[in-house]
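S.K.:
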Amino acid sequence: MTTQHHDSSVYEEIGGSERFQELKRRYRSWAFPMTVAFLAWYLLYVVLSGFARDFMGTKLFGNINVALIFGLLQFVSTFLIAWAYNRHSLAKLDPLADELRHEIEGAPSGEKEVKA
């Protein structure tokens, strides 16, 4: 794959286009709410760890307590968010980004790309 160099006017034109704005809207409408949700979930874990020690220390089975389960769920939620973002990107972002890229590079949007 070769890189084509364009002057800044091409990027300004694309950046101001309706389709690029739609791409940014699709990204932000998913990323911002998901970021807020994850941060709220993470802060809940931190606050409970600091202020609800008895609850977080409650043993569920053996030496496994609520805090350990919440901590492990932080990792699970991180991987679930990454998986969900990948699905969102493939369905909603990549097709529009590919169209815009092909438009800039001058290739028809239906043309298949050869990956190097």
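Per my numbering, residue 1263 is the first one in the sequence shown, and the count goes up by one each step.
Here a beta-carbon is modelled for each residue, glycine too, at the ideal position from N, C-alpha and C.
Can you tell me whether residue 1325 is helix, strand or coil according to DSSP?
M.R.: coil
S.K.: Leaving out five residues on either side along the sequence, give the residues of the same chain with a beta carbon under 7 angstroms from the beta carbon of residue 1375.
M.R.: The predicted position of residue 1375 is uncertain, since its pLDDT is 49 and thus under 50; no value can be drawn from it.
S.K.: Going by the CB atoms, is the gap between residue 1318 and residue 1325 shorter than 8 angstroms?
M.R.: Going by C-beta atoms, residue 1325 is not nearer than 8 angstroms to residue 1318.
S.K.: From residue 1340 to residue 1296, what distance separates their C-alpha atoms?
M.R.: 11 angstroms
S.K.: Indicate the three-state DSSP secondary structure (helix, strand or coil) for residue 1291 in the structure shown.
M.R.: helix
S.K.: Can you tell which of 1303, 1361 and 1354 has the C-alpha that lies nearest to the C-alpha of residue 1337?
M.R.: 1303
S.K.: Which value, in whole angstroms, describes the spacing of the CA atoms of residue 1283 and residue 1277?
M.R.: 7 angstroms
S.K.: For residue 1285, is the classification buried or exposed, using 16 other Cβ atoms within 10 angstroms of its Cβ as the cut-off for buried?
M.R.: buried
S.K.: With a Cβ-Cβ cutoff of 8 angstroms, do residue 1299 and residue 1311 count as a contact?
M.R.: no
S.K.: Find out if the Cβ-Cβ distance for the pair residue 1288, residue 1354 is shorter than 8 angstroms.
M.R.: yes
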